[in-house]
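Here is the structure we will look at.
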């Protein structure tokens, strides 16, 4: 019997019905491994993407933490949803400098 290639959805359906399956991966060892420098955005801005990372960031002078109350549970409240017209009006009044 010849081997057939099927989609992931077909494989999931067959496996859920109790069929045996085998997974094979194929790697082309003759082709070049793509480099990050092959990406257009990276080659256009080489100063933004250094070849080597400078290291671990320095320790900050100010420690930041959010103190939690032991045993407190997250608030279970649905967000307030505005009508589209109401949302647009709110944006227009809050950010008039962004209007065309």
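Residue numbers (the numbering used here): 1379 to 1478.
Backbone N, C-alpha and C define an ideal beta-carbon position, used for all residues, glycine too.
Next on the checklist: Measuring only the C-alpha atoms, how far is residue 1476 from residue 1458?
Outcome noted: 24 Å
Next on the checklist: Looking only at its chain, what residues have a beta carbon closer than 8 Å to the beta carbon of residue 1399, apart from the 5 residues adjacent to it on each side?
Outcome noted: Only 1389, 1392, 1393 meet the Cβ criterion.
Next on the checklist: Excluding the 5 residues flanking residue 1427 on each side, which residues of the same chain have their C-beta closer than 6 Å to its C-beta?
Outcome noted: 1420
Item to check | residue 1460 vs residue 1468 beta-carbon contact at 9 Å | outcome: yes
Checklist entry - With DSSP run on the structure shown, which of helix, strand or coil describes residue 1413? => result coil
Item to check | Between the CA atoms of residue 1417 and residue 1465 - distance to the nearest angstrom | outcome: Residue 1465 and residue 1417 have their C-alpha atoms roughly 39 Å apart.
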